[in-house]
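If you count by the working numbering, then the sequence shown holds residues 1 to 209, one letter each, in order.
Heads up, the thing below is written out as structure tokens.
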Amino acid sequence: MNALPPNPTDEGRVALIERLGSRSIVFVGLMGAGKTAIGRKVATMLSLPFMDSDQEIESVSRMTVPELFERYGEPEFRALEQRVILRLLENGPQVLSTGGGAFMNAQTREAISAHGVSVWLKADLDLLMERVSKKQNRPLLKNPDPRGVLEKLMGERYPVYAIADLTVPTRDDRKEIIAGEVVAALCAHLGIDAIATGATSATTDEVQS
1 MNALPPNPTD EGRVALIERL GSRSIVFVGL MGAGKTAIGR KVATMLSLPF
51 MDSDQEIESV SRMTVPELFE RYGEPEFRAL EQRVILRLLE NGPQVLSTGG
101 GAFMNAQTRE AISAHGVSVW LKADLDLLME RVSKKQNRPL LKNPDPRGVL
151 EKLMGERYPV YAIADLTVPT RDDRKEIIAG EVVAALCAHL GIDAIATGAT
201 SATTDEVQS
């Protein structure tokens, strides 16, 4: 098992949040990738609020996601999901976990691009199957062949998820480790990787020499 990556220093955390401005850190990826669990850890590490779009949808509709799917169908659910995410994006900086299909909507992607930094948690099929098989609240997996459904979703969605600003591979490891890798990737993306982890500063020439 990998060692824990260093947490961001106070200086690094402040620098990261300053670079974010009013943007949100937005997690995208398939069900079972760990968007909510890792998102919460990242929010804690950065002292930012955490929001989950599925939980917000359930709050405003007073129905569960499976109930919404069953009663209104996927198109109506996706329309509600889009409205909720667009509203949540007005409240950055924060960490926001989105549903697996949210990033497939072009308008939602545009809004995330304008108001956030998107992070794709990329997981392999075996890991996703192991995780989602433990839960019974996945509407898209109510099928005799859930593995086949997941494979189909990966084929459809992974090329779109790849548009995200950052891709962080996830695996069966401690949440703290994956969250630390996300923060390190965010810091590098925003140009503050050295101070974010408390590492000694080094110029590009020093690194290359």
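Every residue gets a Cβ at the ideal spot worked out from N, C-alpha and C, and that includes glycine.
Simplified DSSP assignment, three categories, for residue i
i, result
"L121", "strand"
"R13", "helix"
"L153", "helix"
"P159", "helix"
"I195", "Unreliable positioning characterises I195 in this predicted model, as indicated by a pLDDT of 46, which lies under 50. The coordinate reading is nonetheless provided below. I195 falls in the helix class under three-state DSSP."
"G180", "helix"
"P169", "strand"
"G99", "coil"
"G73", "helix"
"V207", "Its pLDDT being 32, under 50, V207 is placed unreliably by the model, and the measurement read from it follows with that caveat. Reduced to three states, the DSSP call for V207 is helix."
"Q82", "helix"
"L190", "coil"
"D126", "helix"
"G148", "helix"
"N143", "coil"
"P93", "coil"
"R174", "coil"
"T64", "coil"
"L106", "According to the sequence provided, residue 106 is Ala. The question's Leu does not apply to it. Helix."
"A111", "helix"
"A185", "helix"
"E18", "helix"
Supposed contact pair residue j and residue i - C-beta distance, whole angstroms, cut 8 Å
i, j, result
"Y161", "V26", "Their Cβ separation, rounded to whole angstroms, is 12 Å, which puts Y161 and V26 out of contact at 8 Å."
"V95", "F50", "5 Å"
"E151", "L121", "Not a contact, Cβ separation roughly 18 Å."
"A106", "I85", "So it is not a contact: roughly 13 Å between Cβ atoms."
"L190", "L46", "Between L46 and L190 the Cβ distance is about 12 Å, and since that is not below 8 Å, they are no contact."
"V131", "G32", "What sits at residue 131 in the sequence shown is Arg, not Val. Confirmed, about 4 Å."
"T98", "S53", "5 Å"
"I38", "V182", "6 Å"
"P93", "L20", "5 Å"
"G212", "I163", "With the chain covering only 1 through 209, there is no way to say anything about residue 212."
DSSP bridge partner residues for residue i (one or two, in chain order)
i, result
"G116", "S24"
Sequence ranges, alpha helix (DSSP H) only - wholly within the segment 20-62, length at least 4: The segment 20-62 contains these whole alpha helix (DSSP H) runs: 35-46, 53-61.
Indicate whether the contact test is met: 3 or more Cβ pairs, each with one atom in the segment 108-122 and one in the segment 173-188, closer than 8 Å. At 8 Å Cβ cutoff, the stretches touch.
Three or more C-beta pairs closer than 8 Å, one from the segment 35-45 and one from the segment 68-78: is that the case here? Contact between the segment 35-45 and the segment 68-78 is absent, because fewer than three Cβ pairs lie under 8 Å.
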